[in-house]
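Enquirer:
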Amino acid sequence: MQLLDLELLDLGLSGPRADAHVMEFPEFPGMPPLDLRRGGKWQLGSEKPVLAAEKPTSRSSLEEWLTPSPGWCRTSSTLNWLCVTDDLELHLLAKSLEAAGHYEVVFTQALNDAAGRLASTKPLVVVVSGQCPSSDADFAALALRPEGVGLLVIAPHELSTRPATGGDGYLSWERQSLLGRERIAFDLSASGGGWSKVQRWMWQRFPDWRVRFLKWLERHFDKAGKDSLYSATGVQAWLDRFDPREEWFHTVSDLLSLCLSFESEKKLPREHDAQAGRQLVAALQRSKPAFIGDQLAALCLARWRCRRFAWNGALSLDDWAALTPRAPVVLGEDELNPIVQGKTVAQRKKAADALSQRLQMANPQSLLQGGLLKPVSGSYDFQHRSLVNLLVRDQLLAEIVNAPLSDWAWTCFDAERCRLGDAALDALPLKDLQALASRVAELDAFEVESIGASEAIFYAIGRRIAKGEVTSHGDAFVALARSVVARLSMDEGEWILPAPWSRSIDSEEGKLDWISACWAWSLIPAPSLAADASWLFPGWSNLLPEPPGWLTSLWPAKGVEQLPRCWQLFFQIAEQLVKQLDVPVSNVPLILKMAHLVKAAHGGWEAQPSWWDGLLHLDNIRWLDEVLVEGFGEAMPQEAAKRLWPSYLGCEAAAKTGSDAWITYMWRVRRWLLDSLPIPWAIDSLDASARVYLASCPQTLPPQWRGPLWLSLKEQWQTIPVGTEYEFLQRFGSAVANELEQLLGHGSLLGWAAANLMWEWNARSAGELLHHAEMITPEAWWELFDACPPEKLSLAISALRSHPERLSQAKRTGWVKQKLPASGGLAQPLLALLRAEG
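According to this note's numbering, the sequence shown holds residues 14 to 851 in order.
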């Protein structure tokens, strides 16, 4: 093997380990192993390209790596880097690929450790477990890959790019000065991928990933025969109350630990419990043997209160040392006596543990050894972030209620810390929130504490209004609202979105959270404001002007499969807002069109075709269908469909000439309408032009629609262009076979086309009509007789013998001569017809 410079895998002498299909969970006591051969793994997200293309292509996914179809024979030829930040998700993905056996899977701490396998000429998957950021060594390792041989790297961090400089070009001096693999590595590290492009991907979880995982876990427990009171529905209901914003439990490991630590959701703490964080930490630490509770509490609060350090992300050991007590630990009688003189073993052990913790806190290295910290990208972060956040939750609740505003209001200006502050305000009982609003309202509106606290409370009240917990404003809330609105630049609201002072609204989520809060406030009776409310508080405006640009530009990103939480809340509030309107908004902005249609479905007003414009687009198809049908379905389906049908069809017919017109036929909304409507009413409610439009695409209608629609167009039958009769009828398909008889006998080309299709779609009925000639006119009988195909010739001969009077001698002679060349064994009886008396 050394002589050939080959490995066993290259000769096919080794494959996946015998136990590769079994995924164990050693860090989660009580979790049954998962057999990946039997499927049933969870699916909580999908890969998304870091640089999204304008139009999806075959390279818009990693299907050929992650889920190749049976018989897949195309070998990938690209370099791919997939970043999966969730540890458990990454582990499942890697184990699934190893169990599938489509490609060799190599597990390594760093990419350059797999340099020997990277030179292989076969497709390869490399799973990197180390948290160190990608470096020059990674690009040097990637450069070892033979050109045109596929590679998938799965890592917990992104592949970095070299900062763009003037020396990045293809003909740059820097690039031309390099040769061989050094030049390849240089290209790979360039911004955007360089000349030898690496496709960069991020694993993005679905917005409903927690719902999916909880349901999967319930099925997994059942299959494994685990004796448990666990209920996916119960835990999800608790999470919706306790952690609706996913601040406390935001990883798969967090969720799994929670489900394994409590026998039933009934034992979980209530959402407003001020000590819920510590209760949860006490339960969760049972599956974290290296965890030391008091040390972690002290350390996390020290970092939380330190304004010099960001709340999220890794710190150096020196920075962690700055957060721990620096004074040397002096051991005196008070520390040593309890260890020696304690009355019981438990008392002596407790005293010894307390002293051990004090000694360890003075040594930052012990934080790593004790399991409080973990290495991340050359620095160190909390080992269990969810536990840390829960401890901060309780501290925040205590400070918000009892401490001076200066103790916590500063965190409202910190983008990372304010998220936990918002979650803590959501956990505050309403009476405490009202008392807090009263305290803040007494301050100068332009003091730092007042700005941060008042805007945080403003957001929190908006979320409660959206949930229906607040339906009217008290004096405290009115005063707080006035102080917040007084700081806004409302005069520029026609062009620029008036922004809060303590938070950025540059991101889509930040902008939506702010607008959602303001719109939610406008759902309750309006206080007297000095400024015009306009579109920032539409519910407080008697007459809304033209929608401003900052509103008309709002819309979910292209290709979204499920709406993110911030969009779900926004559309929920928009629907509540529209419900309160007496008349539709003039020139409805796109983001309010769904709400206008939902109200029309419920009988609030008459739907307009223009409200569908912009919605029925390919970019929206993955999420909008579900949202609309769910909103329509809250009413009686048939009645809702009746109210929407004319407007929908008007919009569809108007768009039929567009290049994307075919997309409308794919919409679930369309199918819902067609399935819900009573067919006779739906067709009778349309004018002639609308029915003619539907007749141009009958193949897109349910079969039971086509016959009634076709019969409703009798007046238009004569207007069908000559030469298109057969094509026209064929579009309706065999669903109209029983109605074709009505076209026979009128001496038109449409009748001849109908006769031919009757033999094709319903030969039995055609034969019966020939034998029972009295049921149809002579003209109709002749069209059907003449169209008889060669394989049914015996039927025609028999019918003519029974009804010789139906054909003149001349017609009979012509017909016999026409059929003779293909008559085969029927030539003799066919010629005998010429001798029969006419």
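Heads up, the beta-carbon is just placed ideally off N, CA and C, and yes, glycines get one too.
With three or more beta-carbon pairs closer than 8 Å as the criterion, would you say the segment 43-59 touches the segment 217-231?
Expert: Counting Cβ pairs under 8 Å, three or more are found: they touch.
Enquirer: Would you kindly work out how many angstroms separate the C-alpha atoms of D253 and A437, rounded to a whole number?
Expert: One-based indexing of the sequence shown puts residue 253 at position 240. One-based indexing of the sequence shown puts residue 437 at position 424. Taking the straight line from one Cα to the other gives about 14 Å.
Enquirer: Decide if K108 is buried, meaning its Cβ has at least 16 other Cβ atoms within 10 Å, or exposed.
Expert: Mapped onto the sequence shown, residue 108 falls at position 95. That one is buried.
Enquirer: To the nearest angstrom, how far is the alpha carbon of L567 from that of N769?
Expert: Here residue 567 refers to the residue found at position 554 when the sequence shown is read from its first residue. Here residue 769 refers to the residue found at position 756 when the sequence shown is read from its first residue. Going from the Cα of L567 to the Cα of N769 covers about 55 Å.
Enquirer: Could you tell me whether the Cβ of R398 comes closer than 8 Å to any Cβ of chain D?
Expert: Absent from the structure is chain D; it holds one protein chain and no more.
Enquirer: Under 8 Å between the Cβ atoms of L610 and L657?
Expert: What you label residue 610 is simply residue 597 of the sequence shown in a count that begins at 1. What you label residue 657 is simply residue 644 of the sequence shown in a count that begins at 1. Result yes, Cβ atoms of L610 and L657 sit closer than 8 Å.
Enquirer: Going by the DSSP bridge assignment, what does T121 pair with across the sheet?
Expert: Sequence index remark: in the sequence shown, residue 121 carries index 108 (1-based). T121 pairs with V141.
Enquirer: Per DSSP, Y116 forms a beta bridge with which residues?
Expert: Sequence index remark: in the sequence shown, residue 116 carries index 103 (1-based). Its beta-bridge partners do not exist; DSSP assigns none.
Enquirer: Anyone know if the C-beta pair for E40 and P46 falls short of 8 Å?
Expert: As a first step, residue 40 must be located in the sequence shown, where it is residue number 27. As a first step, residue 46 must be located in the sequence shown, where it is residue number 33. Not closer than 8 Å, so no.
Enquirer: Quick check: what's the CA-CA separation for P842 versus I810?
Expert: Here residue 842 refers to the residue found at position 829 when the sequence shown is read from its first residue. Here residue 810 refers to the residue found at position 797 when the sequence shown is read from its first residue. Answer to the nearest angstrom: the Cα atoms are 8 Å apart.
Enquirer: Could you give the C-beta distance for F741 and R719, rounded to a whole number, given that I count them as a contact under 8 Å?
Expert: Start at 1 with the first residue of the sequence shown, and residue 741 comes out as number 728. Start at 1 with the first residue of the sequence shown, and residue 719 comes out as number 706. About 12 Å separates the two Cβ atoms, so there is no contact after all.
Enquirer: Taking the C-alpha atoms as reference points, what is the distance between R12 and C319?
Expert: Any question about residue 12 goes unanswered here, given that the chain covers just 14 to 851.
Enquirer: Specify the secondary structure class of E160 as computed by DSSP and reduced to three states.
Expert: Numbered from its first residue, the sequence shown carries residue 160 at position 147. Correct three-state label for E160: coil.
Enquirer: Tell me the rounded alpha-carbon separation between L910 and E259.
Expert: In the structure as shown, the chain starts at 14 and stops at 851, and residue 910 therefore has no counterpart that could be examined.
Enquirer: So, is I509 buried or exposed, given that buried needs 16 or more other C-beta atoms within 10 angstroms?
Expert: One-based indexing of the sequence shown puts residue 509 at position 496. Answer is exposed; the Cβ neighbour count stays below 16.
Enquirer: Under the assumption that L75 contacts L157 (Cβ atoms under 8 Å), give the Cβ distance between them as a whole number of angstroms.
Expert: Counting from 1 along the sequence shown, the entry for residue 75 is found at position 62. Counting from 1 along the sequence shown, the entry for residue 157 is found at position 144. The pair is not a contact, with the Cβ atoms about 21 Å apart (cut-off 8 Å).
Enquirer: Take the Cβ of G290 as the centre, count every other Cβ of all protein chains shown within 10 Å, and call the residue buried at 16 or more, exposed below.
Expert: By one-based count along the sequence shown, residue 290 stands at place 277. It is buried - the Cβ of G290 has at least 16 other Cβ atoms within 10 Å.
Enquirer: Would you check if there are 3 or more beta carbon pairs closer than 8 Å linking the segment 256-276 to the segment 434-452?
Expert: Counting Cβ pairs under 8 Å, three or more are found: they touch.
Enquirer: Which residues does DSSP list as the beta-bridge partners of V389?
Expert: Position 376 of the sequence shown, counting from 1, holds the residue named residue 389. DSSP, once it has assigned bridges, lists S392 as partnering V389.
Enquirer: Please give the ranges of any alpha helix (DSSP H) in the segment 238-320, keeping only runs that are unbroken, at least 4 residues long and fully inside the region.
Expert: Correct list: 245-255, 265-274, 289-297 and 306-318.
Enquirer: Can you list, in chain order, the stretches of the alpha helix (DSSP H) that have 4 or more residues and sit fully within the segment 782-819?
Expert: Segments of the alpha helix (DSSP H) lying fully in the segment 782-819: 791-799 and 806-815.
Enquirer: Out of E460, A466, S547 and R476, which one is the CA nearest neighbour of S502?
Expert: Counted from its first residue, the sequence shown places residue 502 at position 489. Cα-wise, what sits closest to S502 is S547.
Enquirer: So if DSSP puts I167 in a beta bridge, which residue, or which two residues, is it bridged to?
Expert: For the purposes of this step, residue 167 is taken as the residue at position 154 of the sequence shown. Its beta-bridge partners are L95 and V140.
Enquirer: Helix, strand or coil for W216? Go by DSSP, reduced to three states.
Expert: Within the sequence shown, numbered from 1, the residue matching residue 216 stands at position 203. Strand, per DSSP.
Enquirer: By DSSP's criteria, L742 is part of a beta bridge. Which residues make up the other side?
Expert: As a first step, residue 742 must be located in the sequence shown, where it is residue number 729. Answer is none; L742 lacks a bridge partner.
Enquirer: Is it buried or exposed for N751, if we count other Cβ within 10 angstroms and need 16 for buried?
Expert: Position 738 of the sequence shown, counted from the start, is the residue given in the question as residue 751. The residue in question, N751, is exposed, as its Cβ has fewer than 16 Cβ neighbours within 10 Å.
Enquirer: Confirm, please, whether the CB-CB distance from D638 to V573 is below 8 Å.
Expert: Locating residue 573 in the sequence shown gives position 560, counting from the first residue. Locating residue 638 in the sequence shown gives position 625, counting from the first residue. No, the pair does not count as a contact, with Cβ atoms beyond the cut-off.
Enquirer: Taking the alpha-carbon positions, what's the S277 to K669 distance?
Expert: For this step, residue 277 is matched to residue 264 along the sequence shown. For this step, residue 669 is matched to residue 656 along the sequence shown. So the alpha carbons of these two residues sit roughly 55 Å apart.
Enquirer: Round the Cβ separation of S266 and L386 to the nearest angstrom and send it over; I've been treating them as touching at under 8 Å.
Expert: Start at 1 with the first residue of the sequence shown, and residue 266 comes out as number 253. Start at 1 with the first residue of the sequence shown, and residue 386 comes out as number 373. That belief does not hold up - the Cβ atoms of S266 and L386 are roughly 16 Å apart, past 8 Å.
Enquirer: With contact counted as at least three CB pairs below 8 Å, one residue from each stretch, are the segment 452-472 and the segment 414-421 in contact?
Expert: Contact holds: three or more Cβ-Cβ distances are below 8 Å.
Enquirer: In this structure, what does DSSP give as the bridge partners for S59?
Expert: Counting from one through the sequence shown, the residue named residue 59 turns up at place 46. Note: S59 sits in a beta bridge opposite Q217.
Enquirer: Counting along the chain, where does the alpha helix (DSSP H) carrying A473 start and finish?
Expert: As a position in the sequence shown, residue 473 is number 460, starting the count at 1. Where A473 is concerned, the enclosing alpha helix (DSSP H) stretches over V461 to A479.
Enquirer: Quick check on DSSP: helix, strand or coil for V224?
Expert: Walking along the sequence shown from the start, residue 224 turns up at place 211. In the structure shown, V224 sits in a helix (DSSP, three-state: H, G or I).
Enquirer: Taking the alpha-carbon of D445 as reference, which of F490, A614, S660 and P834 has the nearest alpha-carbon?
Expert: Taking the first residue of the sequence shown as 1, we reach residue 445 at position 432. Closest by alpha carbon: F490.
Enquirer: If you run the structure through DSSP and keep just helix, strand and coil, what is M607?
Expert: If you number the sequence shown from 1, residue 607 lands on position 594. Note: M607 maps to helix in three-state DSSP.
Enquirer: Can you give me the start and stop residues for the alpha helix (DSSP H) that L501 sits inside?
Expert: The residue labelled residue 501 in the question sits at position 488 within the sequence shown. No alpha helix (DSSP H) contains L501, which DSSP labels as neither H nor E.
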